[in-house]
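A short worksheet on the structure shown next.
In the numbering used here, the protein residues as written are 146 to 639.
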C-alpha cells in the first residue's frame with residue numbers, strides 16, 4: 146500500500162484496508178494508467194480521511210442520536226477521488242485522466258455535484274441525510290454487493306436480522322428521496338407529475354401511465370427520481386452508484402460485484418438460491434452449468450473408453466489380423482518423454498488407434514480431461530465418433546431497464562485458456578450499444594463485438610470473463626442471441 150494516513154488504532158487500520166480496495170478500483174477507472182491510478186487514489190484517500198477526522202472531532206459528531214453530517218466512509222472516499230481528479234484537471238494534470246472523464250468534468254453534469262445543494266442528485270442528498278449506520282448498511286449491501294453475513298460482521302449486527310434492517314433502511318432511503326424530490330426546484334410540468342410518480346413507484350406491480358412514461362423518457366431529472374423512489378426491482382444499486390459517484394458509477398458498480406464474487410465465492414458451496422430466497426445470479430448459474438458440463442465430459446470419456454475396448458472386425462465377426470486385446474485398448478496416458486503424436490488416417494498400422502488432439506498447457510503433460518477430437522478404428526471400417534464438447538457458456542444478465550435504454554452484463558466461461566478474446570452476439574430488435582466497460586465495443590447493424598481490454602486479455606482454463614454495457618432500445622428489448630467466443634459458438638445459460 147502506498148504512503149497513506151497512519152491509522153490511530155487497529156480498528157481504523159482494518160477500516161483503511163477495507164476502503165483502500167474500493168478507492169483504488171474507482172481511481173483506476175478515472176485514470177489512463179496504473180501509476181496515475183495509485184497516485185490519484187493516495188491523494189484522494191488522504192483527503193477523505195482528513196475530512197472524516199475533522200467531522201468526528203466536531204461538535205455535531207459528539208451529539209448522541211444526531212444524523213450523520215457526511216457520507217459513509219466508502220462513498221465519501223469515492224467522491225474524494227472525483228474531487229481530486231477535478232483538481233488535477235484544473236492544475237494541468239489532466240493528461241493522466243481518462244479522456245471521457247475529462248469531458249465529463251468540463252460539462253454541466255459535473256457541476257450538479259458541486260453546485261447548489263437542492264440541485265444535487267437525489268441519491269447523494271438522501272444518503273447523506275440518513276444516519277451513518279443506516280447509510281453504511283445500504284451502501285455495503287447494495288453497491289459493494291457484500292453478502293448479509295459479511296455486512297453484519299462489519300457493522301456488528303445480528304446476521305439473522307440484517308435482511309429486516311436492510312428492508313427498513315430502503316424504506317427510509319425512499320422517504321428521504323421523496324422529500325428531496327419535493328424540495329428540488331422543479332418546473333411546472335415536472336411538479337405536476339411529482340404526486341403521480343410517488344404513487345406509481347410505491348407499488349412493485351403498478352403500471353406507469355402513458356403520459357408519465359413519455360415524460361420520463363424525455364426528463365432526466367424525473368427519470369432519476371423514479372429510479373431512486375423505486376427501491377424494489379433491482380435498480381437501487383444503479384441509482385446509488387450513479388447518483389453518489391457520478392462519472393463511472395455503473396462501471397464501478399460492476400467491478401465491485403465481480404470483486405465480491407472473487408473474494409467470497411472461491412471454495413464456497415453454491416446454494417440453490419441466494420440469500421432471502423432470491424434466485425441465484427447469472428454468474429452462479431454459469432458456475433452450475435460449467436460443473437454440469439464437466440460431469441458430462443467425464444461420462445462421454447467413459448463411453449469412448451467402452452467403445453474403444455470393443456473388438457472391431459469384418460462382417461464374419463473375425464478379429465482383424467494383428468488385433469489383440471492389448472492392441473485394442475486405448476492409450477491411457479502419453480509417454481513420459483515425447484508428447485503424444487496424433488495418428489493420421491493414412492497410418493499403415495493395422496491396429497486401432499486413439500486420436501489425441503492435444504493437451505492443455507500447465508497440466509504436466511497429462512491428456513485433456515475433456516473429449517477432444519475423435520476415437521476411431523483403422524480396421525474393419527467400424528468406429529465411434531465423440532462429439533467435441535462445448536468450448537464456452539455465456540450468461541446474459543439484464544441489470545436494469547428504463548423506457549429508452551437498459552444496462553446489461555455478459556459473462557463467458559471458457560473451457561480453454563485464452564490469451565485474447567472477442568465475444569460476439571446479435572440483437573433482434575435493433576438495440577444499439579452506447580457505452581461498454583472492461584471491453585471495447587464495435588457494432589455493425591444488429592451484430593455486436595466486444596474485444597478484450599489490455600488488462601483482461603488472459604483468461605485461464607475454466608475461467609470467466611465479464612463485461613457490461615449500456616444500450617438503447619425502442620419498441621422491444623428481446624435478449625441477444627448467437628453468442629460466439631473467438632468465432633466459436635457458445636451455449637447460453639439461464
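The beta-carbon is built from N, C-alpha and C at its ideal position, and this holds for glycine as well.
Can you tell me the Cα-Cα spacing of residue i and residue j, whole angstroms?
i: residue 384; j: residue 599; result: 29 Å
i: residue 388; j: residue 288; result: 12 Å
i: residue 228; j: residue 584; result: 26 Å
i: residue 86; j: residue 218; result: A question about residue 86 goes unanswered here, because the residues of the chain that appear run from 146 up to 639.
i: residue 634; j: residue 400; result: 26 Å
i: residue 160; j: residue 222; result: 12 Å
i: residue 362; j: residue 623; result: 19 Å
i: residue 404; j: residue 619; result: 33 Å
i: residue 277; j: residue 215; result: 8 Å
i: residue 340; j: residue 560; result: 53 Å
i: residue 630; j: residue 569; result: 7 Å
i: residue 306; j: residue 318; result: 18 Å
i: residue 338; j: residue 380; result: 21 Å
i: residue 617; j: residue 201; result: 44 Å
i: residue 182; j: residue 233; result: 12 Å
i: residue 191; j: residue 543; result: 37 Å
i: residue 168; j: residue 332; result: 37 Å
i: residue 158; j: residue 382; result: 27 Å
i: residue 156; j: residue 166; result: 17 Å
i: residue 654; j: residue 587; result: One cannot answer for residue 654 here, as it falls past the ends of the chain, which runs 146 to 639.
i: residue 296; j: residue 162; result: 16 Å
i: residue 283; j: residue 352; result: 27 Å
i: residue 275; j: residue 281; result: 9 Å
i: residue 304; j: residue 185; result: 36 Å
i: residue 175; j: residue 246; result: 6 Å
i: residue 641; j: residue 291; result: This structure leaves residue 641 out entirely; the chain is present only between 146 and 639.
i: residue 548; j: residue 358; result: 7 Å
i: residue 313; j: residue 406; result: 26 Å
i: residue 150; j: residue 238; result: 23 Å
i: residue 550; j: residue 187; result: 36 Å
i: residue 179; j: residue 170; result: 11 Å
i: residue 636; j: residue 402; result: 23 Å
i: residue 573; j: residue 626; result: 8 Å
i: residue 546; j: residue 368; result: 12 Å
Here's the rule: buried if 16 or more other CB atoms are within 10 angstroms of the residue's CB, otherwise exposed. What is residue i?
i: residue 195; result: exposed
i: residue 256; result: exposed
i: residue 298; result: exposed
i: residue 119; result: Residue 119 falls outside the range modelled here, since the chain spans only 146 to 639, and no answer is possible.
i: residue 420; result: For residue 420, the predicted structure reports a pLDDT of 40, less than 50, and the residue's modelled location is therefore unreliable. The matter cannot be settled from this model.
i: residue 248; result: exposed
i: residue 502; result: Any answer about residue 502 is weak, because its pLDDT of 37 lies below 50 and its placement is not dependable; what the coordinates show is given next. By the 10 Å Cβ count, residue 502 comes out exposed.
i: residue 327; result: exposed
i: residue 279; result: buried
i: residue 189; result: buried
i: residue 254; result: exposed
Can you tell me whether residue i is helix, strand or coil according to DSSP?
i: residue 635; result: coil
i: residue 231; result: helix
i: residue 627; result: strand
i: residue 540; result: strand
i: residue 610; result: strand
i: residue 93; result: The displayed coordinates of the chain run from 146 to 639. Any statement about residue 93 would go beyond what the structure contains.
i: residue 176; result: strand
i: residue 151; result: coil
Check the Cβ-Cβ distances between residue i and every residue of chain D, and say whether any is below 8 Å.
i: residue 342; result: Here chain D cannot be found, since the structure has a single protein chain.
Among the candidates the options, whose CA atom is the shortest distance from the CA of residue i?
i: residue 173; options: 393, 606, 575; result: 393
i: residue 591; options: 597, 578, 567; result: 578
i: residue 250; options: 262, 264, 240, 231; result: 231
i: residue 153; options: 193, 168, 198, 163; result: 198
i: residue 350; options: 158, 406, 338, 376; result: 376
i: residue 372; options: 396, 301, 343, 354; result: 343
i: residue 558; options: 390, 539, 270, 291; result: 539
i: residue 632; options: 567, 170, 311, 225; result: 567
i: residue 321; options: 575, 547, 605, 263; result: 263
i: residue 541; options: 609, 597, 564; result: 609
i: residue 396; options: 266, 587, 236, 552; result: 552
i: residue 391; options: 268, 364, 367, 360; result: 268
i: residue 556; options: 589, 574, 545, 628; result: 628
i: residue 611; options: 596, 359, 273; result: 596
i: residue 271; options: 565, 536, 638, 316; result: 316
i: residue 258; options: 239, 226, 187; result: 226
i: residue 581; options: 593, 589, 536; result: 593
### Query
At which residue ranges does the segment 542-602 contain complete beta strand (DSSP E) runs of 3 or more residues, listed in the order of the chain?
Those beta strand (DSSP E) runs which fall completely within the segment 542-602 and span 3+ residues are 550-559, 567-571, 577-582, 584-589, 592-597.
### Task
Kindly provide the ranges of any alpha helix (DSSP H) runs that are 4 or more residues long and lie completely inside the segment 236-291, ordered along the chain.
Runs of the alpha helix (DSSP H) lying entirely within the segment 236-291 and spanning at least 4 residues, in chain order: 244-250, 253-256, 267-274, 277-287.
### Entirely enclosed beta strand (DSSP E) segments - the segment 313-374, minimum 3 residues
none
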